[in-house]
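J.: So that we are looking at the same thing, I have put the structure below in structure tokens.
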Amino acid sequence: MNFDFHYAWSIVPALLEGVVVTLEATLTGMVIAIAGGLTLAIARLSRAPALSGVAISYIEFFRLTPLLVQLFFIFYVLPSYGIRLSGFTCGVIGLGLYYSAYMSEVFRAAIESIPRGQWEAATALSYSRSAIWKRIILPQTPPIVIPILANYTIGMFKESALLATITVNELLGSALKEASVTFRYLETITLVGLLYGMMSIAASLAAQNLERYFARHR
Amino acid sequence: MPDTADSKAILDSVPCVEFRGVSKSYGSNQVLREFDLTVPAGQRLALIGRSGSGKTTLLRLLMTIERPDAGTINIDGEPLGWRSVDGKIVWREDDALRRVRRKIGMVFQHFNLFPHMTVLNNVIEAPTQVLGLSKREAADRADRLLSLVGMREKAEAWPRQLSGGQQQRVAIARALAMEPRIMLFDEITSALDPELVGEVLRVVRQIARDTGMTMLIVTHEMNFARDVADRVIFMSGGKIVEDGLPETVLGDPRQPETRSFLRSILER
């Protein structure tokens, strides 16, 4: 079987539409993961044992079960309980919940790396606990969090290919749709690999620059 | 007007800071044992003693960074933290505690400036966030205080660009910006290079001279303690060993333990 460049070129527009869906899924998923991760990290560090217990259970559960199983659960099992969501919504929620567990550990490490003295100084200035979080502790975390966040975003970008299995026409899904008609898997899957690879390389270079920037500016 | 005179006398007679039977342990290490101390308003009290004698813990309890295991601490007659709720004594981080705590400011051994803010914002931040001052009022106040500590030119600098002595002077301005009535100084020169100690102590001396603030000063600088304080306490093992005028405790101590401590400081 020879690589048909004409055919390959002809499916590029369809694949680029898939790229847009992949990027949308990754960005939305990451927003959920950041919000979820931050909430989990604060819950985990809370003085209330019940709250931190719930957070730890969540983190362990989502890290110790496969993302694909979680996606299938949301997509295939929840409808039996009357929760019917589009494949894209399920996928984004799945990615978000799964990566929340990982992001929470990043936030926790960042928060714990802030010296005790910062809490003490803020207490001595009569800040309330919530104001200490908002004004003093969390604003100091981005230089530590952002480089790692960038790497997790690349990870999520790649793993979003799993959404093809729950009917989402992201990059891999749209390619499979094309190939299922023409049976030209060589061109379609090769192109998919190239597109993921090129975007990952670009993102990874950007992540390295971010890391260097924050290493200088800490 | 005898009435006002009387009520003023009553106000004055309420001690500013009061420890009653305060105990504090870290694990099995008991730092304070049923500790009693009364500090009248306006007093400059220097606390001296070996490390581990409980003097820093005293300040941290007062600042509510630590909680006592037992006993009460009163500020102007108001209890700090502990409340009786349904017959149980519980620690409450509530408005009442914050109102009392607002009277107290603290300067730390390691400065603890906020690294993500400029010098100016370090000083403005709490007055706007906690006291609700306008940015303008807070900036005016900061300007005045940064001049006082000789850091006005560095208002736009970041903490990491400053020497330890400069950082500590900013930390003093930051604490003063909350206009506390009681200032706690916790070994504020211990982390400094020797040549930077003087500039920080000069600032504290000036504040002591120009204000009526109550001050609790933990220090190893005996000359400084002698100049600034009107009362010196030597602590050991979580207890007060000697308590008196600076010239007595530092110049002619009664207790052998105080004498051996002062000798060890001088031989440094």
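Protein sequence lines correspond, in order, to chains A and B.
Each residue of the first sequence is one higher than the one before, starting from 776 at the first, in this note's numbering.
Each residue of the second sequence is one higher than the one before, starting from -12 at the first, in this note's numbering.
From the three backbone atoms N, C-alpha and C, an ideal C-beta is built for every residue, glycine too.
Nothing here was measured: the structure is a model prediction, and the numbers come from that model.
Taking DSSP's pairing of strands, which residues face Lys75 (chain B) in a bridge?
T.: BP columns for Lys75 (chain B) point to B:Val72.
J.: Work out the CA separation of Thr898 (chain A) and Lys933 (chain A) for me, nearest whole Å.
T.: Taking the straight line joining both Cα atoms gives about 43 Å.
J.: Just to confirm the assignment: which complete beta strand (DSSP E) runs, minimum length 3, are found wholly within the segment 827 to 872 of chain A?
T.: Counting whole runs of 3 or more residues, the segment 827 to 872 of chain A contains no beta strand (DSSP E) stretch at all.
J.: Figure out for me which residue from A:Leu839, A:Thr864 and A:Pro922 has the closest Cα to the Cα of Phe850 (chain A).
T.: Here the closest residue by C-alpha is A:Thr864.
J.: Restricting to runs no shorter than 3 residues, where is the beta strand (DSSP E) found entirely within the segment 97 to 157 of chain B?
T.: If we require 3 residues or more, the segment 97 to 157 of chain B turns out to have no beta strand (DSSP E) run fully inside it.
J.: Output the distance between the C-alpha atoms of Thr(-9) (chain B) and Leu19 (chain B), rounded to the nearest integer angstrom.
T.: The pLDDT assigned to Thr(-9) (chain B) is 49, lower than 50, so where the model puts this residue is not dependable; a value taken from the coordinates is nonetheless given after this. Approximately 39 Å between the Cα atoms of the pair.
J.: Scan the segment 880 to 897 of chain A for residues whose Cβ lies nearer than 7 Å to a Cβ of chain B and list them as they occur along the chain.
T.: The residues in question are Gly892, Gln893, Glu895 and Ala896.
J.: Just how far apart, CA to CA, sit Leu257 (chain B) and Ala990 (chain A)?
T.: Residue 257 (chain B) lies beyond the stretch modelled for chain B, which goes from -12 to 255, so this question has no answer here.
J.: Counting Cβ pairs closer than 8 Å, one from the segment 48 to 65 of chain B and one from the segment 222 to 229 of chain B, do we hit at least three?
T.: No, the segment 48 to 65 of chain B is not in contact with the segment 222 to 229 of chain B.
J.: So, for Leu842 (chain A): in the same chain, excluding its five sequence neighbours on each side, which residues have a beta-carbon less than 8 Å away from its beta-carbon?
T.: Excluding residues within five positions, the ones whose Cβ falls inside 8 Å are Gly869, Leu870, Tyr873, Glu934 and Leu937.
J.: With H, G and I counted as helix, E and B as strand and the rest as coil, what does DSSP make of Ile175 (chain B)?
T.: Here Ile175 (chain B) sits in coil by DSSP.
J.: Please report the distance separating the alpha-carbon of Arg859 (chain A) from that of Pro167 (chain B).
T.: Answer to the nearest angstrom: the Cα atoms are 59 Å apart.
J.: Which residues does DSSP list as the beta-bridge partners of Gln17 (chain B)?
T.: Per DSSP, B:Ser12.
J.: Who are the near neighbours of Val829 (chain A) in its chain, counting only those whose CB is closer than 8 Å to its CB and skipping five residues on each side?
T.: Excluding sequence neighbours, Val829 (chain A) sits near Ala818.
J.: By Cβ distance, which residues of its chain are closer than 8 Å to Tyr877 (chain A), with the 5 residues on each side in sequence left out?
T.: Same-chain partners within the cutoff: Ala808, Gly812, Arg838 and Tyr927.
J.: Anyone know if the C-beta pair for Gly793 (chain A) and Ser949 (chain A) falls short of 8 Å?
T.: Yes, the Cβ-Cβ distance between Gly793 (chain A) and Ser949 (chain A) is below 8 Å.
J.: For Asp127 (chain B), does the count of other Cβ atoms within 10 angstroms reach 16, so buried, or fall short, so exposed?
T.: Exposed: under 16 other Cβ atoms inside 10 Å.
J.: Taking only three categories from DSSP, how would you classify Met222 (chain B)?
T.: Note: Met222 (chain B) maps to strand in three-state DSSP.
J.: Could you list which residues in chain B have their beta carbon closer than 9 Å to that of Gln983 (chain A), in chain order?
T.: Per Cβ cutoff of 9 Å: no residues; Gln983 (chain A) is ~23 Å from chain B at best.
J.: Chain A beta carbons: is any one of them nearer than 8 Å to that of Arg128 (chain B)?
T.: So, not an interface residue.
J.: Please work out which residues of its chain come closer than 6 Å, Cβ to Cβ, to Phe101 (chain B), disregarding the five sequence neighbours upstream and downstream, and give them in chain order.
T.: Excluding sequence neighbours, Phe101 (chain B) sits near Asn109.
J.: Leaving out the 5 sequence neighbours to the left and right, which residues in its chain are closer than 7 Å to Met(-12) (chain B) when beta-carbon positions are compared?
T.: Caution applies to Met(-12) (chain B), whose pLDDT of 43 falls short of 50 and renders its modelled position unreliable; the value that the coordinates give is listed next. Cβ neighbours of Met(-12) (chain B) beyond the five flanking positions: none.
J.: Can the beta-carbon of Leu815 (chain A) be found closer than 8 Å to that of Ser879 (chain A)?
T.: For Leu815 (chain A) and Ser879 (chain A), yes; Cβs fall inside 8 Å.
J.: Suppose the cutoff is 7 Å on Cβ atoms and the five residues either side in sequence are ignored; what does the same chain contact list for Pro181 (chain B) look like?
T.: If we look at Pro181 (chain B) and ignore the five residues flanking it on each side, it has no Cβ neighbours.
J.: So, is the C-beta of Pro102 (chain B) closer than 8 Å to a C-beta in chain A?
T.: Yes, its Cβ sits closer than 8 Å to a Cβ of chain A.
J.: Would Phe6 (chain B) count as contacting chain A if we go by Cβ distances under 8 Å?
T.: Not an interface residue.
J.: By the 10 Å Cβ neighbour count, where 16 or more other Cβ atoms means buried, how is Gly14 (chain B) classified, buried or exposed?
T.: Exposed, since its Cβ has fewer than 16 Cβ neighbours within 10 Å.
J.: Would you report the Cα separation of Ala982 (chain A) and Arg123 (chain B), rounded to the nearest angstrom?
T.: Answer to the nearest angstrom: the Cα atoms are 40 Å apart.
J.: What did DSSP end up calling Met973 (chain A) once you bin it into helix, strand or coil?
T.: DSSP places Met973 (chain A) in helix when its eight states are reduced to three.
J.: Is it the case that the Cβ atoms of Thr59 (chain B) and Asp173 (chain B) are separated by a distance below 8 Å?
T.: Their beta carbons are not under 8 Å apart, which means Thr59 (chain B) does not touch Asp173 (chain B) by this criterion.
J.: Checking 8 Å against the spacing of the C-beta atoms, do Ser979 (chain A) and Ile929 (chain A) come in under that value?
T.: For Ser979 (chain A) and Ile929 (chain A), yes; Cβs fall inside 8 Å.
J.: Cα-Cα, which of B:Asn61, B:Phe95 and B:Glu254 is closest to Pro27 (chain B)?
T.: Cα-wise, what sits closest to Pro27 (chain B) is B:Asn61.
J.: So with CB distances below 7 Å, who are the chain B contacts of Ala800 (chain A)?
T.: Simply none; closest approach about 33 Å.
J.: Between which two residues does the alpha helix (DSSP H) holding Asn926 (chain A) run?
T.: Looking at the DSSP string, the run of the alpha helix (DSSP H) that includes Asn926 (chain A) is Pro917 to Glu934.
J.: How close, in whole Å, do the beta carbons of Phe248 (chain B) and Gly39 (chain B) come, if the pair is a contact with beta carbons under 8 Å?
T.: Going by Cβ atoms, the distance from Phe248 (chain B) to Gly39 (chain B) rounds to 13 Å, so no, they are not a contact pair.
J.: Beta-carbon of Thr51 (chain B) versus every beta-carbon of chain A: anything under 8 Å?
T.: So yes, Thr51 (chain B) belongs to the interface.
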